[in-house]
Amino acid sequence: MFKDMAYYIFGHELDPFMQLFVFEPIVITIIAVIVAILTKRAWTMGLVIILLNIIDNAIDVNFLFGDQGIGTIVAQNISFFFSNFFSMFYEFVFSFLITSTAFMHKKFGVA
């Protein structure tokens, strides 16, 4: 999902490091902060980050390994999810740092 988004924005595939540690954390952090502003709850950011990574992994795995059977899809989906833990950590840190500022508490009422 985010690989396709980067391709449509930049016109070519990004380097895997740039994709995983720069582009995806920025996009997912922005989406998570918007959800936190709308719901006025900071814990919803964690759910959004995990759900977006699960959806992205499912799309990538289904595209790459869809012809190899359900066992391969399940195993690869789990391994892809765990391989994204480092980038998910940065997404959590960035989003919670942004929403823990006094500006976010005063202006948007994020608790």
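Positions 1 to 111 (the UniProt record's numbering) are the ones given, in order, by the sequence shown. C-beta atoms are modelled at their ideal positions from N, C-alpha and C, and glycine is treated no differently.
Item: Any chance the CB of F82 is under 6 Å from a heavy atom of the ligand PLP?; Value: Looking for the ligand PLP in the displayed structure turns up nothing, as the structure carries no ligands at all.
Item: Exposed or buried, E24, counting other C-beta atoms within 10 Å across all chains shown (16 or more means buried)?; Value: buried
Item: For A111, which residues in the same chain have their Cβ closer than 8 Å to its Cβ, ignoring the five residues on either side in sequence?; Value: K40, R41, A42, H105
Item: I'd like to know whether the C-beta atoms of I26 and I49 end up nearer to each other than 7 Å.; Value: no
Item: Are the region 44–62 and the region 83–90 touching by the rule of at least three beta carbon pairs closer than 8 Å?; Value: yes
Item: Please list, in chain order, all residues of the same chain as I78 whose beta carbon is under 7 Å from its beta carbon, the five residues on each side excluded.; Value: none
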